[in-house]
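Have a look at the structure below before the remarks.
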Ligand code: FES
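Dropping the structure here:
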């Protein structure tokens with residue numbers, strides 16, 4: 488049986504979804520319908536949630552578990568396993584650069600340095616304008632695009648340090 492968002496509870500210690508964001512839960516519910524019969528569709532469901540909210544709020548975890556008939560703990564486990572999903576609200580752009588060996592050898596450290604310099608922020612932090620967070624993560628599964636990075640859930644690579652000003656400029660102008 489489908490549950491309605493008014494019935495969705497927030498786990499202790501997690502911030503409830505702001506009232507202004509709650510209408511998106513119904514959009515999420517609609518997007519989950521085609522996934523109900525698909526085994527192993529929790530990742531796709533979480534992509535949908537992260538895309539809608541820019542993070543995975545607790546109410547979305549509850550809804551995904553209910554709609555896909557899987558334990559909430561299993562959905563939570565997937566969220567925490569994959570670095571592209573976040574349990575906390577994010578700035579508009581989260582830049583995740585792969586640090587693993589192949590990307591490292593292909594120039595990831597220089598790419599990370601260029602992002603930090605251009606944004607005036609250290610990895611793991613949000614830029615002073617509140618728009619960007621730079622994260623350094625393990626393999627993104629984009630090993631054919633080294634050095635690789637994600638802008639939110641969009642794949643980019645290879646990205647060279649010289650590409651950074653244009654990439655950030657496009658994002659600032661809403662063209663990314
Ligand atoms: S090693 Fe960097 S994306 Fe796989």
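In our numbering, the protein residues as written are 488 to 663.
Note that the Cβ used here is the ideal one computed from N, Cα and C, for glycine as well.
This one's a predicted model, so the numbers in the text were calculated from it and none came from an experiment.
### Task
Might you give, ordered along the chain, the residues of its own chain that have their beta carbon closer than 6 Å to the beta carbon of residue 647, omitting 5 neighbours on each side?
none
### Task
Tell me, please, which residues DSSP counts as bridged to residue 642.
637
### Query
Taking the beta strand (DSSP E) that residue 580 falls in, what are its first and last residues?
580-585
### residue 550 and residue 512 closer than 8 Å at C-beta
Inclusion of residue 550 and residue 512 in the CB contact set at 8 Å is warranted, their separation being smaller than that value.
### Reference residue 633, options 527, 571, 584, 575, closest by Cα
584
### Query
What is the C-beta distance between residue 625 and residue 570, in whole angstroms, given that I count them as a contact (C-beta under 8 Å)?
7 Å
### Task
Going by DSSP, name the residue or residues bridged to residue 619.
Residue 619 is bridged to 580.
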